[in-house]
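Taking it in order: structure first as structure tokens, then the write-up.
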Amino acid sequence: MKRLRYLLFGFGAAVLLAACGGAGGTYTLGGTVSGLRGTLVLENGSSAVTVTENGPFAFPEKLPDGSCYQVRVKTPPLFERCAVTNGEDVINGADVSDVTVTCTDKDWMDPMELEPTLAGDAARVQAAFAGDVPMVAWEEGGSVYLSTLSFGGWSLPSRVNADSAAYPALAGNPEGRAVLAWSEVDGGVRRVFALSWYRESWSGPEAVSTAGRGVAGEPRLSLSASDRAALAWIEDDGANYRTAVALFDGHTWTAPYYASPAGANASNPAVAINNSGDVLVAWNESGKVYAALRIGGVWGSPTALYTGSNAYAPQAFLDDTGRAYVAWEIWPLGPGGSEIALARYDPPGGMWEIHINFEYGSQPALAGDSSSGALALFWLDSGALLARVYEDGDWQDAETLSPAGSGPGRAGPAMDAAGNLVVAWQQEDSSGHRQAYAAFRQYGSWIKPEGQDDFLSFSGRDVRSPALFGNPAAAIGEGRALLAWSQDDGSGSDRSSANLYW
265 MKRLRYLLFG FGAAVLLAAC GGAGGTYTLG GTVSGLRGTL VLENGSSAVT
315 VTENGPFAFP EKLPDGSCYQ VRVKTPPLFE RCAVTNGEDV INGADVSDVT
365 VTCTDKDWMD PMELEPTLAG DAARVQAAFA GDVPMVAWEE GGSVYLSTLS
415 FGGWSLPSRV NADSAAYPAL AGNPEGRAVL AWSEVDGGVR RVFALSWYRE
465 SWSGPEAVST AGRGVAGEPR LSLSASDRAA LAWIEDDGAN YRTAVALFDG
515 HTWTAPYYAS PAGANASNPA VAINNSGDVL VAWNESGKVY AALRIGGVWG
565 SPTALYTGSN AYAPQAFLDD TGRAYVAWEI WPLGPGGSEI ALARYDPPGG
615 MWEIHINFEY GSQPALAGDS SSGALALFWL DSGALLARVY EDGDWQDAET
665 LSPAGSGPGR AGPAMDAAGN LVVAWQQEDS SGHRQAYAAF RQYGSWIKPE
715 GQDDFLSFSG RDVRSPALFG NPAAAIGEGR ALLAWSQDDG SGSDRSSANL
765 YW
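Just so we're aligned: the sequence shown equals residues 265 to 766 in the numbering used here.
Laid out in structure tokens, this is it:
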């Protein structure tokens, strides 16, 4: 039946074209656009017009009398859908001005469980876009699974590991590349493995960490738009746990490099890579914070950014100019609350500038775009999730994103190449269930939940504890967004779930 419809459509189009001619005077083709918040490109055959404002528009080329026209949306605005009315007809001795284009915001779809048949509890859910392909990875029952979305819907979960596995890390880029890493038992010790996806095809898995040396905790991953990736983890060198880094050039992984020195135990690695292949890695050592930079292919010595004993979980960002940021939480050693510290490195040959009390609060998270240098900082304070955006050379004022109510969990943010942001978190709804929430920053303005019950997960069920199951994750790409989390299915199991802004 579907093929028959296509044939009938083609037949109708052929009849219309057969009725078209071109003689006499020439006339303007245009109409009106409404609801537009970005940039829209319309096409009529080989002719195109770019529209950036609501109101009248016209194609640049006039059409001969008797010509057929068929106005279509060639490129919609990032976060909107646009529909054309009165877009097909024949020029009949007069200008055409009644083509109507109406643009409306995209919206979140209904939540969906990705693995209803698996037996186990989904945890540490990850989200990414590889080009325009949404994908979600998670840990469940000693294995790591992956599901991708196509026109046929979400794929059945694919198990990527051979032995007991945990701690997935997933990243994607606009060019159609994705990298999935995890830790897996190999020869009696836990090692780091990675898969690479490029335009609908996976390669790997490949063991990335050192054979015979165990790894601890979660691998951390960063992927640039130029298909370069950096993977960091904590590895046992036989005497201490050290921060190890391996690099991927789109084809092969390098041997691990120990960024942290011998003789000390490292933890909580964070890593960032830019489009030139420069790398920033940060980590903790006994409550201190260290960072190392790889610029122009050469690793520099580690720098102590904080020498106290109460720092936790550094976050890292590196732009294409070589400017680097590290954010971390400082626990209170006495009265008072936690603080957010922020360190900035300015090349070439610069020094680290450190702000110990950049903000008051806890659990910082960074999201940025290395090409533009745009950056956002997220943190928790006084029972709210807040954000500050760095753009045009300055930090903007803080914005509260979470609705009033019980305290939110740590942010899971993502930024696209245009500086648009999506951030996910969890907090209680009005009935006491923990739910997944999201906020957008589009065209410089935040779109936030309107209240406690403006959530995106399944009603009446609990999104699982971040401490045991990980935080909700978010991804953004091509004017679309993806939110993924682990949630009780109502029968005692926890399922990986997702929602799309489409």
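C-beta atoms are modelled at their ideal positions from N, C-alpha and C, and glycine is treated no differently.
With 16 as the cutoff for other CB atoms within 10 Å, does residue i come out buried or exposed?
i	result
F415	exposed
G274	With a pLDDT of 40 at G274, under the threshold of 50, the modelled position of that residue is not reliable, and the figure given next carries that caveat. So G274 counts as exposed.
Y707	exposed
R441	buried
S465	exposed
A347	exposed
L597	exposed
P713	buried
D656	exposed
A526	exposed
E742	exposed
G754	exposed
A739	buried
A651	buried
T474	buried
G210	Coverage of the chain is limited to positions 265 through 766, which leaves residue 210 absent and any answer about it impossible.
G683	buried
A668	exposed
D430	This sequence places Ala at residue 430; Asp is not what is there. Buried.
A580	buried
Quick one: Cα of residue i to Cα of residue j, how far?
i	j	result
Y522	L420	38 Å
E439	G289	46 Å
D362	N318	15 Å
G756	A383	11 Å
Y654	Q660	6 Å
I658	E379	This sequence places Asp at residue 658; Ile is not what is there. The straight-line gap from Cα to Cα measures roughly 44 Å.
F457	W446	6 Å
G452	P533	24 Å
D752	G405	15 Å
S310	A322	14 Å
A631	T664	17 Å
A575	P520	26 Å
G541	P432	23 Å
G299	M373	21 Å
G561	A503	28 Å
T425	S407	Residue identity check: residue 425 is Asn in the sequence provided, not Thr. Roughly 6 Å between the two C-alpha positions.
A493	R698	34 Å
T516	T364	51 Å
P483	R455	10 Å
L459	P469	5 Å
With DSSP as the reference, please indicate the residues paired to residue i in a beta bridge.
i	result
D398	A quick correction: the sequence has Pro, not Asp, at residue 398. In DSSP, P398 forms a bridge with F393.
K712	Note: K712 sits in no beta bridge, so no partner.
I355	According to DSSP, which records beta bridges pairwise, I355 is partnered with nothing at all.
F722	The partner list for F722 (beta bridge, DSSP) is empty, contrary to what the question assumes.
E692	R698
P578	Bridge partners of P578: none, in fact.
P328	T290
I498	A480, T507
Just to confirm my understanding: we take residue i, look at its own chain, exclude 5 residues before and 5 after, and list those with CB closer than 7 Å. What are they?
i	result
A278	The predicted position of A278 is uncertain, since its pLDDT is 42 and thus under 50; a value taken from the coordinates is nonetheless stated next. Correct list: empty, nothing qualifies.
L569	V553, Y554, A555, V590, A607, W616, I618
G294	P320, F321, A322, F323, V360, S361, V363
S490	N539
Got a sec? Which residues, its chain only, sit under 8 Å from residue i by beta carbon, not counting five neighbours each side?
i	result
Y505	A480, I498, E499, N529, A530, S531
Skipping 5 residues on each side, what residues in its chain have a beta carbon closer than 6 Å to that of residue i?
i	result
E377	R759, S761
W418	L378, S411
L434	Q390, A392, A401, L444
R728	S750, D758
L606	A591, H619, F622
Would you say residue i faces chain B, with C-beta separation under 9 Å as the test?
i	result
A534	Among the chains of the structure shown, chain B does not appear; only one protein chain is present.
Are there any heavy atoms of the ligand ZN lying less than 8 Å away from the beta-carbon of residue i, as far as the coordinates show?
i	result
G436	Among the ligands in the structure shown, none appear at all, so the ligand ZN cannot be discussed.
- Message: Tell me whether the region 697–705 and the region 349–358 touch, counting them as touching only if at least three CB pairs, one residue from each stretch, are closer than 8 Å.
- Response: no
- Task: Inspect the CB distances between the region 607–618 and the region 636–646 and report whether three or more fall short of 8 Å.
- Result: no
- Message: When you compare the region 713–722 with the region 402–415, are there three or more beta-carbon pairs, one atom per stretch, that lie closer than 8 Å?
- Response: no
- Message: Closer than 8 Å is the cut-off here; do at least three beta carbon pairs connect the region 329–342 with the region 296–305?
- Response: yes
- Cβ contact (3+ pairs, closer than 8 Å) linking the region 508–515 and the region 534–553: yes
- Query: If we count Cβ pairs, one from each stretch, closer than 8 Å, do we get three or more for the region 669–676 versus the region 619–632?
  - Reply: yes
- Item | the region 392–406 contacting the region 327–337, beta-carbon criterion three pairs below 8 Å | no
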